[in-house]
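> Encoded as structure tokens, here's the structure I'll be asking about.
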DNA sequence: ACCTGAACACCGTTCAAGT
DNA sequence: ACCTGAACACCGTTCAAGT
């Protein structure tokens, strides 16, 4: 076949196929050969558009952050900073929950993904505008990311196992089996996220008040 | 050679070698063949002691949690619950920082790792003893884990890239290059962790006071 | 029981060859 | 420029064979 007169592939097509494959079958299902087959080409063809497989996954991860709402950080948006952080955190979590299989790639740091940087930029700008010192504004963006991605990783993925025999009450006296079951797991996740988010924002409010402005 | 009269391998020897290899060269360096070579045996030998490679890595990860101090959760330890959470979080973070390469395995949930469960059990017990309702005690254990592992993943690993040209000020108006440099990265990490931990504990204290007891 | 080599079904990536 | 097949240097895991 060799080179067709109209390209068979494009970065966008590759990313879309990779994203669908990650969603449907998980990160492990993404091999260059498999992905290429999904696109109707042979494996090495991908290397005309990306330097490595990892670069493809980075773009897939970045596409997820692109769907996170940032409107609450607009200068002319009415929300105060605690409300903005709260609403943003929920949008962030929803975006990750929609694509849980890519979260491990996502969580390993902003790297040079453009959308990830856009987020850091928006949060930083809004916090400084709200009166936070720049050093604290940077930290707030980072710690929120820590909490949200940590929550996504620890919960969407496997949590406790569904096998009651794995948790011997003699060994773990306080771990009643009840809250280890899969159905409860989702409630625990939701509750822990809400409780943690509220605590972070309440705690930051305490620090903010102490700024004395 | 076939079977020696004294076993060449043991689960402990395999885990120790795997741990050292992860620390020295990263998760990607751990292949069954490579690990076996390090132990002076052939690849398939490992399968006499572990069912899968993943099971080996789970034990390596569990060994890390085993080094986390839990004494602050002892019933007769003097520390109040906010201090206990604070001290525990620092011990937790220190354990992960000592073995940053295993964190991705660690972060994907407690699974059925015994030490991870021992931790959940200790935190839960101490929080209930301090007066937290059981549902909240469960959430506190989970949200702390979210924050600490999220912080370990997002920071020890690659963060921002060290190439100044990657961050165009026209695109990211608020991202001064200064705080993107590698030297500053560590300060940002430390600061974000401290600020977030303090906020979480302060925020939980607000909720605790509202329990009215 | 515990190790071996051979084998199966894969990997990511490079590269010369084709148009 | 963009695709191909062949090739390189690997993978995790299974299994019959050996003691």
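Residue numbers (full-length UniProt numbering), protein chains in the order written: chain P, 1 to 213; chain V, 1 to 213. Quick reminder that beta carbons are idealized off the backbone N, C-alpha and C, glycines included. Here the structure is a predicted model, which means the values were calculated and not measured.
From residue 65 (chain V) to residue 40 (chain P), what distance separates their C-alpha atoms?
Distance between the alpha carbons of residue 65 (chain V) and residue 40 (chain P): 45 angstroms.
> Name the residues in the region 193 to 208 of chain V whose C-beta lies less than 9 angstroms from a C-beta of chain P; which are they?
Answer set for the region 193 to 208 of chain V: 193, 194, 195, 196, 197, 198, 199, 200, 201, 202, 203, 204, 205, 206, 207.
> Roughly how many angstroms lie between the CA atoms of residue 198 (chain P) and residue 146 (chain V), to the nearest whole one?
Spanning the two alpha carbons is a distance of roughly 14 angstroms.
> Can you tell me the Cα-Cα spacing of residue 36 (chain V) and residue 25 (chain V), whole angstroms?
Rounded to whole angstroms, residue 36 (chain V) to residue 25 (chain V) spans 15 angstroms at the Cα level.
> Take every Cβ of the region 58 to 77 of chain V, pair it with every Cβ of the region 97 to 111 of chain V, and state whether three or more of those distances are shorter than 8 angstroms.
Counting Cβ pairs under 8 angstroms, three or more are found: they touch.
> Closest Cβ-Cβ distance between residue 135 (chain P) and chain V: below 8 angstroms?
For residue 135 (chain P), the answer is yes, since a Cβ of chain V falls inside 8 angstroms of its Cβ.
> If you measure beta-carbon to beta-carbon, which residues of the region 12 to 32 of chain P are closer than 9 angstroms to chain V?
From the region 12 to 32 of chain P, no residue has a Cβ closer than 9 angstroms to chain V.
> Once DSSP output is grouped into helix, strand and coil, what is the label at residue 159 (chain P)?
The predicted model places residue 159 (chain P) with a pLDDT of 49, which falls under 50 and marks its position as unreliable, so this point remains unresolved.
> Taking residue 124 (chain P) as the query, report the chain V residues whose CB atoms sit under 8 angstroms from its CB, ordered along the chain.
Those are 174, 175, listed as they occur along chain V.
> What residue range does the alpha helix (DSSP H) around residue 83 (chain P) cover?
Element bounds for residue 83 (chain P): 81 to 98.
> Please state whether the Cβ-Cβ distance between residue 208 (chain V) and residue 118 (chain P) is less than 8 angstroms.
No, the pair does not count as a contact, with Cβ atoms beyond the cut-off.
> Between which two residues does the alpha helix (DSSP H) containing residue 119 (chain V) stretch?
Element bounds for residue 119 (chain V): 114 to 130.
> With respect to the alpha helix (DSSP H) encompassing residue 103 (chain V), which residues constitute its N-terminal and C-terminal limits?
Unbroken alpha helix (DSSP H) run through residue 103 (chain V): 103 to 107.
> For residue 147 (chain P), would you say it is in contact with chain V, using Cβ-to-Cβ distances shorter than 8 angstroms as the test?
So, interface residue.
> Is there a Cβ from chain P that is less than 8 angstroms from the Cβ of residue 51 (chain V)?
No, no contact with chain P.
> Mind reading off the beta-carbon distance from residue 125 (chain P) to residue 73 (chain P)? Whole number of angstroms is fine, and I expect it under 8 angstroms.
About 7 angstroms; that satisfies the 8 angstroms criterion.
> What residue range is occupied by the uninterrupted alpha helix (DSSP H) comprising residue 64 (chain V)?
Per DSSP, residue 64 (chain V) belongs to the alpha helix (DSSP H) from 53 to 65.
> With a Cβ-Cβ cutoff of 8 angstroms, do residue 22 (chain V) and residue 59 (chain V) count as a contact?
The answer is no: Cβ separation not under 8 angstroms.
> Under 6 angstroms Cβ to Cβ from residue 4 (chain P), same chain only, skipping five residues before and after it: list those, please.
Same-chain partners within the cutoff: there are none.
> So residue 56 (chain P) and residue 14 (chain P) are supposed to be a Cβ contact under 8 angstroms. How far apart are they, rounded?
That belief holds up - the Cβ atoms of residue 56 (chain P) and residue 14 (chain P) are roughly 6 angstroms apart, short of 8 angstroms.
> Can a CB atom of chain P be found closer than 8 angstroms to the CB of residue 121 (chain V)?
Output row for residue 121 (chain V): interface = yes.
> With a 10 Å radius around its C-beta and 16 neighbouring C-beta atoms as the bar for buried, classify residue 187 (chain V) as buried or exposed.
Exposed.
> Which class does residue 49 (chain V) belong to by DSSP, given the choice of helix, strand or coil?
Coil.
> Run through chain V and tell me which residues come within less than 7 angstroms of residue 100 (chain P), C-beta to C-beta.
Simply none; closest approach about 11 angstroms.
> Using the beta-carbon count (16 or more within 10 Å), is residue 7 (chain P) buried or exposed?
Looking at its Cβ environment, which holds fewer than 16 other Cβ atoms inside 10 Å, residue 7 (chain P) is exposed.
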